[in-house]
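In our numbering, the protein residues as written are 20 to 105.
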DNA sequence: CGTATGACGTGCA
DNA sequence: GTGCACGCCATAC
């Protein structure tokens with residue numbers, strides 16, 4: 020079991036459809052803490068739940084950011100889904 | 001309980 | 001346009 024904030028974050032990220040990407044700031048805002056984008060990344064970093072497509076959460080700069088399986092895998096997965104284009 | 005860290009974002013030079 | 005520094009929140013130790 021996790022804290023309410025983490026549960027909300029997981030719930031939102033889990034709703035992200037394939038081929039779509041959200042930024043940490045967006046997720047934080049949807050979670051009710053628009054200033055907690057930092058915590059969102061921390062929670063997702065510890066999250067190993069395959070039900071949560073945390074790789075669909077990218078930075079607002081358009082960069083993929085990091086990934087618990089290797090940032091390269093994150094880019095590859097997004098490319099396969101066509102979320103970042105070519 | 002207090003301190004340190006981190007998958008970030010924005011501001012300024 | 002790029003690089004550096006500061007600030008915010010939650011979690012882990």
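No residue lacks a Cβ here, since even glycine has one placed at the ideal position from N, Cα and C.
As the structure is a prediction and not an experimental result, all values here were calculated from the model.
Paired residues, beta bridge with residue i - DSSP
i          : result
residue 77 : 42
DSSP three-state assignment for residue i, whether helix, strand or coil
i          : result
residue 93 : helix
residue 21 : coil
residue 33 : helix
Spatially closest choice to residue i from the options, by CA coordinates
i          : options         : result
residue 43 : 99, 94, 73, 101 : 73
residue 81 : 66, 102, 87, 96 : 102
residue 45 : 92, 59, 86      : 59
Segment limits, alpha helix (DSSP H) that includes residue i
i          : result
residue 62 : 56-65
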